[in-house]
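Following the numbering used here, the numbering of the sequence shown begins with 1256 at its first residue and continues without gaps.
All residues carry an ideal CB built from backbone N, CA and C; glycine is no exception.
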Amino acid sequence: MLSTDVLTEMFIALDKGDDDKVRSLLDRDFEFSGPAPEPIGAEEFIAFERALHQALPNLRHNGVVYSEDSGDWVRGEVHVTGTHRGVLELPMLPKVIPTRKKVTLSPERFLALVRDGKILSFAAEVGPDGGLIGILKQIGRKDLADCLGIKGADCRTIGQDLSAGTHA
């Protein structure tokens, strides 16, 4: 299987919420980097994506794979879209109840390393309004987005009384 096909399969599995398929495509030493202050491993990545999929049931990564440089390195873009219809639950945040707001992030580039049909690393280039911070801003939780903007911030106690996301 081509490295580009592995990435395409991962995006399809992420969009379906198929944790087992995603897990089967990730190397045991997988690292995801870019939006988080520190790289995370496969299980943390899967848990994060599961939480996003529960909060945005129609989540789409809209992954486009551009090139396979040396057979192992794959470049591409994701353009995350979805509607906040479920509770967003992440360890560093208070629960955020559905706002029904649509999310459309700007395209974000990525570089992935694939070897022997497994993804070893996935590095995303996330801008200031991308990733989880961008999602939070678009669902009306700028307070949480600002808190997460501080490296390593624990935002669980921020705006708990505003978890409905009805403020600007």
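{"Query": "Nearest neighbour of Q1393, chosen from D1260, L1360 and H1316 [CA to CA]", "Result": "L1360"}
{"Query": "Cβ distance (whole Å) where S1258 is taken to contact G1326 below 8 Å", "Result": "6 Å"}
{"Query": "Inter-stretch contact (C-beta, 8 Å, three-pair minimum) for the region 1362-1380 and the region 1288-1300", "Result": "yes"}
{"Query": "Cross-strand partners of S1288 (DSSP beta bridge)", "Result": "A1378"}
{"Query": "One or two residues paired with S1322 in a DSSP bridge", "Result": "R1330"}
{"Query": "Inter-residue spacing [alpha-carbon to alpha-carbon] between H1334 and E1363", "Result": "6 Å"}
{"Query": "Cβ-Cβ distance between G1341 and Q1309 below 8 Å", "Result": "yes"}
{"Query": "Same chain, Cβ closer than 7 Å to L1269, five either side skipped, listed in chain order", "Result": "V1277, E1304 and H1316"}
{"Query": "8 Å Cβ shell around A1408 - same chain, five flanking residues per side excluded", "Result": "M1347 and C1402"}
{"Query": "Inter-residue Cα distance where the pair is V1358 and D1284", "Result": "31 Å"}
{"Query": "N- and C-terminal bounds of the alpha helix (DSSP H) containing E1264", "Result": "S1258 to K1271"}
{"Query": "Contact under 8 Å by Cβ, V1351 with R1396", "Result": "yes"}
{"Query": "Residue nearest to E1332 in terms of C-alpha spacing, selected from I1413, E1344, P1349 and G1386", "Result": "G1386"}
{"Query": "Buried versus exposed, by CB contacts within 10 Å (16 or more), P1349", "Result": "buried"}
{"Query": "Between the CA atoms of L1345 and P1312 - distance to the nearest angstrom", "Result": "15 Å"}
{"Query": "Per DSSP, the bridge partner or partners of E1363", "Result": "V1333"}
{"Query": "Chain-order list of residues whose beta-carbon lies under 6 Å from that of M1256 (same chain, five-residue window excluded)", "Result": "G1372"}
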